[in-house]
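Read through the structure below, which is laid out as structure tokens, and then see the notes.
Number of protein chains: 2
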Amino acid sequence: MLSIGNLSKTSGVKVPTIRYYEKIGLIAPADRSQGNQRRYEADDLKRLIFIKHARDLGFHLDDIKSLLTLKEDTSCPCSGADEILTRHLSDVRNRISRLQRLEAELERMSHCEGECVAECSVIESLADHSHCLYEH
Amino acid sequence: MLSIGNLSKTSGVKVPTIRYYEKIGLIAPADRSQGNQRRYEADDLKRLIFIKHARDLGFHLDDIKSLLTLKEDTSCPCSGADEILTRHLSDVRNRISRLQRLEAELERMSHCEGECVAECSVIESLADHSHCLYEH
DNA sequence: TATAATAGCTCTAGTCACTATAGCTTCAAG
DNA sequence: CTTGAAGCTATAGTGACTAGAGCTATTATA
């Protein structure tokens, strides 16, 4: 039997976040002690670690909910899980390439040599889109 | 004299977003027509394009506010602008490398070959952190 | 000039995934 | 038995918008 504080320490998920997950129905309402405090078991910890792990990997709570449902239902083929992952992976790749173009742009803008703002390349670049390397 | 709709079209910033920017003080309250509709001039368009541009590059509104202030004050040296940019650039680089580690992890997890969830590598990977390549 | 469609107005609430605060109660250690 | 840490609920705030309701103004066409 774990208190919410211990569950938090063991899982790495903050206490208010655990309560938040309960509130939105991502985890089941916890059992309560006589004094109305939450008490958890090993299974709850497992579920929370799964969630933590998926969040660290950037999955949305919605997708995590779906993954947990798939996990529960041992009969159902896992193509659903694969689809969620594939979608997420392509999303991540998208974000990477957008950020890399951004990086190039920012790199190019940086290291202003002007002394006053009138000559500041940073501000000039931001003001005038036509200097840009790519469309955005 | 531009209506908010035309300002929106020309700048690429959505109408409600323009009103939102006014509300939070990022742009000055617009002049009004006799019928109380917002009317804009060339300078307002310039400022909005600056903002749009900086947002596209991922700057926070707070930083954009600072950049606009620096832009206004033509006397002040632009090291402030350079600092904001440098900070943002390192933030972008951070995000890129985190996403790349993520990508590797997701790639490794993907293409589940199991038929039922008990064998699904995606779900298994999420449940068991010890399979991971890096700490997260 | 009349009318209808489009655009604009304000205000409130919702999004996502938490985080912070206030004011209270319970628990565990000494 | 006391004290301090941990727990409880409920509400509000974050960032950067977005959506909706219910109204008014402008503009294009008949």
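Sequence order for the protein chains is S and P. Under UniProt numbering, the first residue of the first sequence is numbered 1, with each subsequent residue one higher. Under UniProt numbering, the first residue of the second sequence is numbered 1, with each subsequent residue one higher. Glycine included, C-beta positions come from ideal geometry on N, C-alpha and C.
Exposure label - residue i; buried when at least 16 CB within 10 Å
{"i": "ASP44/P", "result": "buried"}
{"i": "ASP82/P", "result": "buried"}
{"i": "ALA104/P", "result": "exposed"}
{"i": "ARG19/P", "result": "exposed"}
{"i": "MET109/P", "result": "buried"}
{"i": "SER11/S", "result": "buried"}
{"i": "residue 163/P", "result": "A question about residue 163/P goes unanswered here, because the residues of chain P that appear run from 1 up to 136."}
{"i": "SER125/P", "result": "buried"}
Short CB-CB distance (under 8 Å) between residue i and chain S
{"i": "MET1/P", "result": "no"}
{"i": "LYS71/P", "result": "yes"}
{"i": "ILE96/P", "result": "yes"}
{"i": "ARG7/P", "result": "Reading the sequence as shown, one finds Leu at residue 7/P and not Arg. It does not: the Cβ of LEU7/P has no partner Cβ on chain S nearer than 8 Å."}
{"i": "LEU102/P", "result": "yes"}
{"i": "ALA42/P", "result": "no"}
{"i": "ILE4/P", "result": "no"}
{"i": "LEU45/P", "result": "no"}
{"i": "LEU85/P", "result": "yes"}
Interface flag, residue i vs chain P, CB-CB below 8 Å
{"i": "ARG93/S", "result": "yes"}
{"i": "GLY35/S", "result": "no"}
{"i": "HIS60/S", "result": "no"}
{"i": "ALA54/S", "result": "yes"}
{"i": "ASP82/S", "result": "yes"}
{"i": "ILE24/S", "result": "no"}
{"i": "ALA127/S", "result": "yes"}
{"i": "ILE18/S", "result": "no"}
Spatial neighbours of residue i in its chain, beta-carbon cut-off 8 Å, leaving aside the 5 residues before and after
{"i": "ILE24/P", "result": "LEU61"}
{"i": "ASP73/S", "result": "none"}
{"i": "PHE59/P", "result": "LEU67, ILE84, HIS88"}
{"i": "ILE4/P", "result": "VAL15, ILE18, ARG19, ALA30, GLN37, ARG38, TYR40"}
{"i": "ARG47/P", "result": "ILE27, LEU68"}
Cβ shell of residue i (< 7 Å), same chain only, five flanking positions each side left out
{"i": "ARG98/P", "result": "none"}
Cβ-based neighbour list, residue i, same chain, cut-off 6 Å, excluding 5 preceding and 5 following
{"i": "ILE64/S", "result": "ILE51, ALA54"}
{"i": "LEU102/S", "result": "none"}
*If you scan the segment 23-111 of chain S from start to end, which runs of the beta strand (DSSP E) of 3 or more residues do you find wholly inside it?*
Taken in chain order, the whole beta strand (DSSP E) runs of length 3 or more contained in the segment 23-111 of chain S number zero.
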